[in-house]
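Numbering (my numbering), first residue to last: 261 to 552.
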């Protein structure tokens, strides 16, 4: 832990004792802050150079009107939409993009507010859901939505809330909004007793009238899947533990298949050959079945 992180944690502990309401309000503001942007991996630079770039206007929550950068590759009859993770970018899917385009798909992605090439400093799960809905409306029925991490949660929720897609791939994803909130609180050193008021305040910024408990009830994937679902998770993921994927698969039911990879971690699982192969096979099947 750096000195600055130590000072922040100390300040939160003191603030929790002497000014809990103010501390919860300050942390609610920070809950949506994305942080430092990640760079394009060198091996993905040719993929990004080949993309057709456009923008869509998003009423970002909480960032306001934002021109979101979108990317398109290929011109096939099947359209696959990508949803990247928190503090990430579409380029992270480079290996998967290349394979899907080679297999004849059109691939569409976006950089959410505060990520990649899109302006801003804040973002939210609602931004991801709104972008998935906007791009699905623009593209027509999607053959698949592929999400990584935070984006995997958004992809599954979007389809269960009515976005038309024939299948979903969830890579290294958490199951619940509570997981996101708990992770943010632990990283910041927020005392547990301040988590509920912090989340309640955060929700008022993006969904006025919605409590943290109501958000948790809506934003989760521990339910039967309405479309074929491929869940990919690495057993060495330090960000989202494997048990999240196991619980997701169990709750999703017979329409889901869980692929466990080994030793790749949270981000590099996206470039693992077994991931790319499984995603390509799943997306190519006219009627996807359980993988063997």
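Where is the CB? At the ideal position from N, CA and C, for every residue including glycine.
Go ahead and label residue i buried or exposed: buried means 16 or more other beta carbons lie within 10 angstroms of its beta carbon, across all protein chains shown.
| i | result |
| --- | --- |
| residue 447 | exposed |
| residue 366 | buried |
| residue 391 | buried |
| residue 482 | exposed |
| residue 427 | buried |
| residue 325 | exposed |
| residue 315 | exposed |
| residue 433 | buried |
| residue 265 | Residue placement at residue 265 is poorly supported in this model, since its pLDDT is 45, which falls under 50; the coordinates still yield a value, given next. Its Cβ having fewer than 16 others within 10 Å, residue 265 is exposed. |
| residue 317 | exposed |
| residue 510 | exposed |
Check each candidate in the options and name the one with the smallest Cα separation from residue i.
| i | options | result |
| --- | --- | --- |
| residue 359 | 333, 502, 328 | 333 |
| residue 313 | 377, 292, 291, 348 | 377 |
| residue 370 | 383, 350, 322, 407 | 350 |
| residue 395 | 372, 341, 455 | 341 |
| residue 299 | 292, 308, 293 | 308 |
| residue 284 | 449, 386, 305 | 449 |
| residue 336 | 499, 445, 363 | 363 |
| residue 425 | 401, 511, 290 | 401 |
| residue 293 | 356, 380, 317, 331 | 380 |
| residue 435 | 524, 469, 459, 408 | 408 |
| residue 478 | 287, 518, 297, 413 | 413 |
| residue 443 | 499, 506, 288 | 499 |
What's the gap between the Cα of residue i and the Cα of residue j?
| i | j | result |
| --- | --- | --- |
| residue 545 | residue 415 | 19 Å |
| residue 474 | residue 504 | 21 Å |
| residue 550 | residue 354 | Residue placement at residue 550 is poorly supported in this model, since its pLDDT is 44, which falls under 50; the coordinates still yield a value, given next. Between residue 550 and residue 354, the C-alpha separation is close to 25 Å. |
| residue 456 | residue 388 | 23 Å |
| residue 399 | residue 488 | 20 Å |
| residue 323 | residue 383 | 7 Å |
| residue 508 | residue 532 | 21 Å |
| residue 463 | residue 385 | 11 Å |
| residue 445 | residue 282 | 16 Å |
| residue 291 | residue 472 | 13 Å |
| residue 305 | residue 441 | 33 Å |
| residue 311 | residue 343 | 16 Å |
| residue 357 | residue 502 | 25 Å |
| residue 406 | residue 513 | 19 Å |
| residue 420 | residue 476 | 15 Å |
| residue 468 | residue 303 | 42 Å |
| residue 287 | residue 458 | 6 Å |
| residue 494 | residue 301 | 20 Å |
| residue 506 | residue 454 | 30 Å |
| residue 439 | residue 452 | 13 Å |
| residue 540 | residue 331 | 19 Å |
Report yes if the C-beta distance between residue i and residue j is below 8 Å; otherwise report no.
| i | j | result |
| --- | --- | --- |
| residue 375 | residue 348 | yes |
| residue 522 | residue 497 | no |
| residue 411 | residue 345 | yes |
| residue 480 | residue 542 | no |
| residue 373 | residue 329 | no |
| residue 361 | residue 339 | no |
| residue 485 | residue 515 | yes |
| residue 529 | residue 431 | yes |
| residue 490 | residue 538 | yes |
| residue 466 | residue 321 | yes |
| residue 492 | residue 423 | no |
With a floor of 3 residues, list each beta strand (DSSP E) that falls wholly inside the segment 365–440, ordered by position along the chain.
365–371, 404–408, 428–431
Please give me, in chain order, every unbroken run of the alpha helix (DSSP H) with length at least 4 that falls completely inside the segment 435–472.
437–448, 455–466
Start-end ranges of the beta strand (DSSP E) lying completely within the segment 485–514, minimum 3 residues:
489–494
Can you check the segment 300–371 for any alpha helix (DSSP H) of at least 4 residues that lies completely inside it and give the ranges in chain order?
305–309, 354–362
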